[in-house]
Structure formats: structure tokens, C-alpha cells
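Since the structure comes first, as C-alpha cells, the remarks are kept for the end.
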Amino acid sequence: MGIKPASIPLLQGQSLLPYNKACFNFLARAFCGVNPADTEFGDKGLTLITLWIFFQLAPLLTLGLPSFLEDPLLHTFWLPPSLVKGSYKKLYDFFYNASGKILDEGEKMGIQREEACHNLLFATCFNSYGKMKILFPSLLKFISQAGVKLHKQLAEEI
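This is the structure:
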């Protein structure tokens, strides 16, 4: 089963660039307390993330070709990680420099600072592309259709 963003009604016929940028900036501010656009990282982060995520998800991607053609062409060889090593290092440096407080908390919990930074990078980048784009709109749809009882409970909770 492959990933087909065009099959998501919310995303059909729209440029994903502003949406991806907003999702990444939101999560980076939420986790790190820093807006990536206000740092030396600037707007190049989105390109670095897209490249890195492509290499992570390449084995799952599909072009819609019959599997007897697509599997030998796309899924029988791996993409060398050395091609995105520089991009990943820039992402890592941004998160390492911007995430002091959350990395300190990780150390208090017994997680090495470097490992916590890799985990934060992975969670932020994948969630900005996957969860915020696919699951969050679906969640909002189900909440909006849940009815008055749930809406009242949420209003009281919030």
C-alpha cells in the first residue's frame, strides 16, 4: 500500500508548500519555542525536510503502476543515506541549538542529549508532514460531526 497525497480530498489540486511550512513552523515553535524562519535556518528547512522524508518514505511510495513493474523499479534498491546526510545534519543542528529546554528534560529522564535531539527531529518532521496533514483534518471532521454532547464536553474541558 503506497502513499498517495492526491487521494486526500483536502489536498487535491492545492499547493502543499504553504501548508507544509505552516505545519513545520507550528510544531517547531511548540516543541522548541523558536520560529525556524527567525533563525539562520530560515525558509530552507522545508526543502531539507522534504528531501529527508522522501528518502525515509521512498520504499512506500507508489506511482500507480502495476506492481510487477513498480516493485522492480522502485522497491528493490535502497537510496543511499549519504545523499541526505548533509540535509539531516543541518536539521539536527537547528533542533540541537533551538531545543535546549526540551533536551534538558530528556537528559533528566535518562535519555542522552543527542538521542533526544534525533527523536525530536524525527517526531517534528514526520508529524508536520503526516499527522498534521492527514490525521488532524480527519480528527476535526469527526469532532465536527460528533454532535452537541461531545461539543459541550470539549467546551467545558477547554
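One rule links them: number in our numbering = place in the sequence shown (from 1) + 4.
Note that beta-carbon positions come from the ideal geometry of N, C-alpha and C, so glycine has one too.
All figures in this text were calculated on a predicted structure; none of them were measured in a lab.
{"Query": "Alpha helix (DSSP H) containing Val88: first to last residue?", "Result": "It is not in any alpha helix (DSSP H) - Val88 carries neither H nor E in the DSSP assignment."}
{"Query": "Across which residues does DSSP place Leu50 in a beta bridge pair?", "Result": "Its beta-bridge partners do not exist; DSSP assigns none."}
{"Query": "Would you check if the distance between the CB atom of Lys89 and the CB atom of Leu50 is smaller than 8 Å?", "Result": "no"}
{"Query": "With distances taken Cα to Cα, identify the nearest neighbour of Ala32 among Ala102, Ala62, Leu67, Gly68.", "Result": "Ala102"}
{"Query": "Nearest-angstrom Cα distance between Gln60 and Pro85?", "Result": "9 Å"}
{"Query": "Just the Cα atoms here: how many angstroms apart are Lys48 and Gly134?", "Result": "19 Å"}
{"Query": "Measuring alpha carbon to alpha carbon, tell me which residue in Leu125, Ala150, Glu119, Leu143 is nearest Phe28.", "Result": "Leu125"}
{"Query": "What's the C-alpha gap between Trp56 and Val152?", "Result": "42 Å"}
{"Query": "Rounded to a whole number of angstroms, what is the C-alpha to C-alpha distance between Phe45 and Leu77?", "Result": "35 Å"}
{"Query": "When the distance is taken between beta carbons, is Leu52 closer than 8 Å to Lys105?", "Result": "no"}
{"Query": "Just checking my contact of Tyr92 with Cys121 at CB under 8 Å: how many whole Å lie between their CB atoms?", "Result": "About 11 Å; that fails the 8 Å criterion."}
{"Query": "Skipping 5 residues on each side, what residues in its chain have a beta carbon closer than 7 Å to that of Met113?", "Result": "none"}
{"Query": "Could you tell me if Asn39 is buried or exposed, where buried requires 16 or more neighbouring beta carbons within 10 angstroms of its beta carbon?", "Result": "exposed"}
{"Query": "Take the Cβ of Phe98 as the centre, count every other Cβ of all protein chains shown within 10 Å, and call the residue buried at 16 or more, exposed below.", "Result": "buried"}
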